[in-house]
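Asks: Residue numbers (our numbering): 159 to 310.
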């Protein structure tokens, strides 16, 4: 079940590693963050966070974090439910993964059939060892999207 993360803030504070900090963006746009948790019988399985740009009606980042190795099917199902909701609601949905990450193959298997396109960016992120890493960006543009204020 997907629920608002603020309902479980106390538990999340103890689950997240102490160096877990969200990125700060410094460019002209109107970003809003949303957090959700996946729960099963009152236990938190994982957390999803999205960052949306209100001006472009797009999702610019999706991050997921699993807190348990148990019930991963429920966590994956909740993530796919949330992703389909984002695809229906927003004009554009983008997220990225570092190439070589074990989740990259999972994303390729489940995300590409939904209509996402892939863009590769070379030497985009520097890891903690100082090595430049490539990233893979998944992008979906909603062909049926209409602005909320559009009368047609």
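Glycine is no exception: its CB is placed at the ideal position from the N, C-alpha and C atoms.
(1) At the level of alpha carbons, what is the spacing between residue 271 and residue 301?
(2) Among the residues of its own chain, which have a CB less than 6 Å from the CB of residue 209, if the five just before and after it don't count?
(3) Between residue 245 and residue 268, which are expected to be in contact by the criterion C-beta below 8 Å, what is the C-beta distance as a whole number of angstroms?
(4) Just the Cα atoms here: how many angstroms apart are residue 365 and residue 281?
(5) In three-state terms, what does DSSP make of residue 285?
(6) Compute every distance between the C-beta of residue 253 and the non-hydrogen atoms of the ligand GTP, then say whether any falls below 6 Å.
(7) On the CB-based measure, 16 or more other CB atoms within 10 Å of its CB, does residue 213 come out buried or exposed?
(8) So, is residue 203 buried or exposed, given that buried needs 16 or more other C-beta atoms within 10 angstroms?
(9) If I follow the unbroken beta strand (DSSP E) through residue 291, where does it start and stop?
(10) If you run the structure through DSSP and keep just helix, strand and coil, what is residue 214?
(11) Restricting to Cα atoms, I'd like to know which of 261, 278, 168 and 205 is closest to residue 224.
(12) Rank 305, 258, 275 and 291 by C-alpha distance to the C-alpha of residue 249 and give the top, closest one.
(13) Taking the alpha helix (DSSP H) that residue 272 falls in, what are its first and last residues?
Replies: From the atom records:
(1) 16 Å
(2) Taking C-beta separations shorter than 6 Å and ignoring five residues to either side along the sequence, the partners of residue 209 in its chain run 189, 191, 218 and 219, following chain order.
(3) Rounded, the Cβ-Cβ distance is 13 Å, inconsistent with contact.
(4) As displayed, the chain neither begins before 159 nor continues past 310, which places residue 365 out of reach and without an answer.
(5) DSSP places residue 285 in coil when its eight states are reduced to three.
(6) Only the bare structure without any ligand can be found here, which leaves the ligand GTP out of the picture.
(7) exposed
(8) Residue 203 comes out buried.
(9) In the DSSP annotation of this structure, the continuous segment of the beta strand (DSSP E) that includes residue 291 starts and ends at 290 to 299.
(10) coil
(11) 205
(12) 305
(13) No alpha helix (DSSP H) contains residue 272, which DSSP labels as neither H nor E.
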